[in-house]
Amino acid sequence: MPAPDPTDFLPELEWRNLLKDVTDREGLSEHFSTGRRRIYSGFDPTADSLTIGNLVPIMMLAHAKRAGHDAVVLMGGGTGLIGDPSGKSAERQLQTSETVERHVAAQKPIFQSVLGQVDGPAHTIVNNADWLTKLSYIEVLRDVGKHFSVNVMMQKDSVKSRLQDREQGISYTEFSYMILQAYDFLHLYRDAGVTVQFGGSDQYGNIVAGTDLIRRDAFTRHDEAETYGFTAPLITKADGGKFGKTESGAVWLTADRTSPYAYYQFWLNCSDEDVKNFLRVFTFMTKDEIETLEAEHAKAPGKREAQRTLARAATTILHGEAEMLQAEAAGKALFSGDIASLNETTLREVLGEVPSSEHSKASLEGADLIDLLIETGLATSKREAREFIANGSVSINGAKAEEGRTMRSADLLHGSVIALRRGKKAWHVTRWA
RNA sequence: GGGCGAGUACCCAAGUGGCCAACGGGGGCAGACUGUAAAUCUGCUGGCAUAGCCUUCGGGGGUUCGAAUCCCUCCUCGCCCA
-3 MPAPDPTDFL PELEWRNLLK DVTDREGLSE HFSTGRRRIY SGFDPTADSL TIGNLVPIMM
57 LAHAKRAGHD AVVLMGGGTG LIGDPSGKSA ERQLQTSETV ERHVAAQKPI FQSVLGQVDG
117 PAHTIVNNAD WLTKLSYIEV LRDVGKHFSV NVMMQKDSVK SRLQDREQGI SYTEFSYMIL
177 QAYDFLHLYR DAGVTVQFGG SDQYGNIVAG TDLIRRDAFT RHDEAETYGF TAPLITKADG
237 GKFGKTESGA VWLTADRTSP YAYYQFWLNC SDEDVKNFLR VFTFMTKDEI ETLEAEHAKA
297 PGKREAQRTL ARAATTILHG EAEMLQAEAA GKALFSGDIA SLNETTLREV LGEVPSSEHS
357 KASLEGADLI DLLIETGLAT SKREAREFIA NGSVSINGAK AEEGRTMRSA DLLHGSVIAL
417 RRGKKAWHVT RWA
């Protein structure tokens, strides 16, 4: 497809509440509106997946792409060997290079699936291990280190707090992290013509270190170089809770850790106060579309159209439309409790979201529901199991279970499964063979 | 080393010989209501063979018909003195 004419997308980031610090706001607008630029953001391979917080910079890369610029994903295969002290109160455990490589490989598909769906120039993915591991120490000290003032580096918040804390010092290794990240920018500038870096607001210091290094490096060769940096604000929740956490832990961007169903549910369950902001940050909906939706939502908040739209859009962006539709169907079936009418294929997909256990068919007929509730972990004692049944909170295949209920082979759906539910959300599938 | 005080169920905390499986609050779970929400209301919150039995009040031992409650001892924590 033809790439659109490059435009300044900073105003768009602004109304989406995605812009915090900018090194030179006017200069950068000018920069974006006068040509196709290369813009990058870095990602730490601290785990074999990324969390929903990392989605913010990915969305920003997508906006850059949509505005006709070249999005570059920098994977920290090299810096990940060191560890960024930003936002960390304690020295990090060093990771082996095998681990870091594995993490990089596992994270890559996330960028592919989000950015791959976005119109615009093709994005590129680079790994700073490719150049950082080739650097010699002497070279770094002479060419890069000379441009850094230790006095300034010590002023950086993440370093300062660690210097003042007697319990937790900072190693030379982590202290040097900033230099490596700055060098990344220099390398990408020289090698690939990248002129803009952005990241989370905790990255501002590292980003500025990069633009400074590039300027100084150019100056030593009697040249000039103008590069830019900006940051996105931290995503917050109206109730003050930490964004991206659920009872069952962090929300991840890969299906092996957070299923599309769970991901959809996460967005669907967000509060009325948060949904407005999230629609701006985590979807590509236009300002008009969002405002129209908000007006509708205000009329009938109980319908939660805003949350549903957000969940659909966000799940589609990450996992694609097919997965989104399945997640939505699963949610519908599980919350209505109406699963007995589903066909076998749909049922298997829906119940894939739910914990399960294997049982022997021989023991099915006449088995006590109370015992089964304990075996499946839906109840922790017989007393509790009886209580749940008496309260009417247990259902078998979506039908409320009455007291004294025993299991029978007629309960089997499609000859092999029985779905138990306690309360509204606790499901368990028993498979009988 | 000496003196005082405290240790109760997931957490806080009442109980100071039988009416104690142990008040109350928090948290949790469930039900009603609802928007898969918030607020509110209700129930449950040691186990089981459930109108009864078993195990629990820092550990062990003792007194007693009977102890979380009294005595001895040990352990842990807090405060004060050295």
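If you're matching positions, the first sequence starts at -3 in our numbering and goes up one per residue.
Glycine included, each C-beta is placed from N, C-alpha and C at the ideal position.
For residue i, I'd like the list of residues in its chain whose CB is within less than 7 angstroms of its CB, leaving aside the five on either flank, ordered along the chain.
i	result
A309	T279, M281
I106	L46, L249, T250
L314	S109, V110, L249, Y259
P41	M71, G72, G73, G76, V96, H99, V100, Q103
G333	S391, G394, R417
T242	F262
D17	S197, Y200, F226, T227
L360	M403, S405, W428
Which residues in the same chain as residue i place their Cβ atom closer than 8 angstroms to its Cβ, once the five residues preceding and following it in sequence are excluded?
i	result
P53	S37, F39, F194, G195, G196, A228
K420	F331
A415	I335, L347, V350, I392, N393, G394, L409, W423, H424, V425, T426
G316	S109, Q113
T3	F28, S29, A63, G64
K396	G388, V390
L365	A381, I385, V390, I392, A397, R401, T402, M403
Between the options, which has its C-alpha nearest residue i's C-alpha?
i	options	result
D139	I286, E220, A375, D213	D213
A125	E22, E94, I366	E94
Q91	G76, N387, A291, G83	G76
N393	V155, A406, A336	A336
S154	D80, Y168, D180	D80
S132	Q89, L176, Y168	L176
G362	N123, K283, D407	D407
P439	V68, V146, L137	An answer regarding residue 439 cannot be provided, because it is not within the stretch -3 to 429 covered by the chain.
Y173	G206, K396, E354	G206
G225	A188, I203, D219	I203
E170	I78, W428, S412, K396	I78
S405	W428, H218, L24, A397	W428
C266	L306, L137, Y185	L306
E269	D235, D367, K328, L374	D235
G327	T129, W263, M55, A58	W263
R32	F5, R401, L15	F5
V136	S167, L365, D180, A58	D180
D208	S145, M150, Q151, G165	S145
S456	M403, A329, I366, K142	Within the shown structure, residues of the chain are numbered from -3 to 429, placing residue 456 beyond reach of any answer.
M56	A375, R211, R12, L369	R12
A58	T129, L14, D219	L14
R186	M149, I166, L360, E222	E222
A188	I286, Q164, E220, N123	N123
Per DSSP, what are the beta-bridge partners of residue i in this structure?
i	result
R418	V390, A422
I134	Answer is none; I134 lacks a bridge partner.
Q193	Y36, G225
A246	K241
A395	I392
V18	F226
R427	E354, V413
T207	For T207, which the question treats as bridged, DSSP gives no partner whatsoever.
T402	D364
T47	W248
Please return the same chain residues whose Cβ sits closer than 6 angstroms to the Cβ of residue i, not counting the five positions on each side in sequence.
i	result
W127	H183
G49	G240
E319	P256
D66	R34, P117
T120	V68
V413	V425, R427
K152	G201
L9	L15
Hey, is the stretch 181 to 194 in contact with the stretch 145 to 163, meaning 3+ C-beta pairs nearer than 8 angstroms? Flag = no, the stretch 181 to 194 and the stretch 145 to 163 do not touch.
Please list the segments of the alpha helix (DSSP H) lying wholly inside the stretch 325 to 378, counting only runs of 4 or more residues, in order along the chain. Along the length of the stretch 325 to 378, whole alpha helix (DSSP H) runs at least 4 residues long occupy 340 to 347, 365 to 371, reported in chain order.
Per the contact definition of three or more C-beta pairs closer than 8 angstroms, is the stretch 264 to 275 in contact with the stretch 338 to 345? No: the two stretches stay apart, fewer than three of their Cβ pairs being nearer than 8 angstroms.
So does the stretch 215 to 231 actually touch the stretch 286 to 303, counting three or more Cβ pairs closer than 8 angstroms? Fewer than three beta-carbon pairs drawn from the stretch 215 to 231 and the stretch 286 to 303 are found closer than 8 angstroms, and the two stretches are therefore not classed as touching.
Segment contact flag, the stretch 82 to 90 with the stretch 287 to 296, C-beta cutoff 8 angstroms, min 3 pairs: Output reads no: the stretch 287 to 296 does not touch the stretch 82 to 90.
Would you mind listing the beta strand (DSSP E) stretches within the stretch 52 to 140 that are 3+ residues and don't spill past its ends, in chain order? If we require 3 residues or more, the beta strand (DSSP E) runs fully inside the stretch 52 to 140 come out as 66 to 71, 120 to 123.
Can you list the alpha helix (DSSP H) stretches of 4 or more residues lying completely in the stretch 253 to 337, in chain order? The stretch 253 to 337 is shown to contain whole alpha helix (DSSP H) runs of 4 or more residues at 256 to 264, 268 to 278, 283 to 295, 301 to 315, 317 to 332, in chain order.
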